[in-house]
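Peer 1: In this note's numbering, the protein residues as written are 120 to 392. Below is the structure I would like to discuss, written out as structure tokens.
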């Protein structure tokens with residue numbers, strides 16, 4: 120079974136982290152969500168404390184779908200609310216297509232890049248981060264003790280890395296290194312999201328950090344163009360991984376996104392600052 124935690128009470132809300140990350144990425148918002156939702160945090164295959172990434176001949180997309188479907192069955196989840204960041208946002212959107220989500224909230228979701236050249240930029244970022252993590256792993260505990268050191272380690276992903284704890288920064292670096300085989304496989308099989316299969320009765324919220332330098336902000340415009348009936352939210356003061364940048368803002372977006380069925384078919388574009 121995939122490593123996971125269940126915290127809180129209320130309608131189930133499954134939270135899925137991004138590429139190379141881990142379930143602890145959501146810790147900054149858990150205490151704000153738990154009084155209102157049963158929060159389920161999961162480590163994807165090959166990430167965090169979950170078993171190794173082992174597709175056994177399946178495509179990465181099919182493998183992740185099978186693993187998440189089995190995870191839903193093992194936990195007795197029937198169409199929970201699903202939210203995700205980056206790769207996790209793409210997985211959340213795919214869960215809607217597969218009929219396994221009551222609502223979806225995607226924070227800077229993958230799958231909205233423009234072309235191969237655009238994706239090559241994203242791929243270079245992750246490969247560079249992995250190499251840098253490998254070279255710096257022995258000095259990372261020293262770097263992470265200081266705010267400038269945490270900024271050096273994590274500013275590629277967050278707008279305010281100084282707000283992280285040293286423990287969180289070191290844990291994220293080690294998680295990235297452990298996830299290298301999964302990361303290589305997933306980057307090699309990346310694909311664009313096709314929104315055609317999202318059911319009309321699934322509420323979709325797509326939120327994008329205004330300071331996202333990984334999945335650059337023009338992709339939010341592509342998401343709005345491709346999914347005009349979704350709720351589109353700008354996250355001011357937030358980077359690609361926004362949960363520790365502005366925890367209360369992100370918790371509010373997640374609670375609103377999972378608050379019930381979409382009440383109107385007309386596009387609703389929100390500016391959150």
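Think of the CB as a built atom: it goes at the ideal place given N, C-alpha and C, for glycine as much as any other residue. Remember, predicted model here, so these are calculated numbers, not experimental data.
If distances are taken between C-alpha atoms only, which option among 311, 323, 342 and 127 comes closest to residue 200?
Peer 2: It is 323 whose Cα lies nearest to the Cα of residue 200.
Peer 1: Could you compute how far the alpha carbon of residue 187 sits from the alpha carbon of residue 220?
Peer 2: Those two C-alpha atoms are separated by around 12 Å.
Peer 1: Under 7 Å Cβ to Cβ from residue 252, same chain only, skipping five residues before and after it: list those, please.
Peer 2: Cβ neighbours of residue 252 beyond the five flanking positions: 292, 295 and 296.
Peer 1: Per DSSP, which one or two residues make a beta bridge with residue 210?
Peer 2: For residue 210, which the question treats as bridged, DSSP gives no partner whatsoever.
Peer 1: Please classify residue 363 as buried or exposed, where buried requires at least 16 other C-beta atoms within 10 Å of its C-beta.
Peer 2: Counting Cβ neighbours within 10 Å, residue 363 comes out buried, since at least 16 surround it.
Peer 1: Ordered along the chain, which non-local residues of its own chain (more than five positions away) have a Cβ less than 7 Å from that of residue 340?
Peer 2: Taken in chain order, the list of residues that qualify is empty.
Peer 1: What number of angstroms, rounded off, separates the C-alpha of residue 145 from the C-alpha of residue 176?
Peer 2: Rounded to whole angstroms, residue 145 to residue 176 spans 31 Å at the Cα level.
Peer 1: Measuring only the C-alpha atoms, how far is residue 120 from residue 347?
Peer 2: Answer to the nearest angstrom: the Cα atoms are 36 Å apart.
Peer 1: Quick check: what's the CA-CA separation for residue 134 versus residue 151?
Peer 2: So the two alpha carbons sit approximately 14 Å from each other.
Peer 1: Kindly identify the DSSP beta-bridge partner or partners of residue 204.
Peer 2: Partner(s): 226.
Peer 1: Among 335, 136, 359 and 373, which residue has its Cα nearest to the Cα of residue 239?
Peer 2: The residue with the shortest Cα to Cα distance from residue 239 is 335.
Peer 1: Looking at the unbroken alpha helix (DSSP H) that takes in residue 247, where does it start and where does it end?
Peer 2: 235 to 255 is the extent of the alpha helix (DSSP H) around residue 247.
Peer 1: Please list the terminal residues of the continuous alpha helix (DSSP H) segment that includes residue 175.
Peer 2: That residue, residue 175, is in no alpha helix (DSSP H); it is neither H nor E in DSSP.
Peer 1: Ordered along the chain, which non-local residues of its own chain (more than five positions away) have a Cβ less than 7 Å from that of residue 289?
Peer 2: Cβ within range, chain order: 259, 260 and 263.
Peer 1: Along the chain, where does the alpha helix (DSSP H) that runs through residue 333 open and close?
Peer 2: No alpha helix (DSSP H) contains residue 333, which DSSP labels as neither H nor E.
Peer 1: Using C-beta distances below 8 Å, list every residue in its chain close to residue 273, excluding the 5 sequence neighbours before and after it, in chain order.
Peer 2: 280, 283, 288 and 291, listed in sequence order.
Peer 1: If you drop the 5 nearest sequence neighbours on each side, which residues of the same chain put their C-beta closer than 6 Å to that of residue 122?
Peer 2: For residue 122, where only same-chain residues beyond five positions count, the Cβ hits under 6 Å are 162, 167, 168 and 169.
Peer 1: For residue 373 versus residue 202, is the C-beta spacing smaller than 8 Å?
Peer 2: The answer is yes: Cβ separation under 8 Å.
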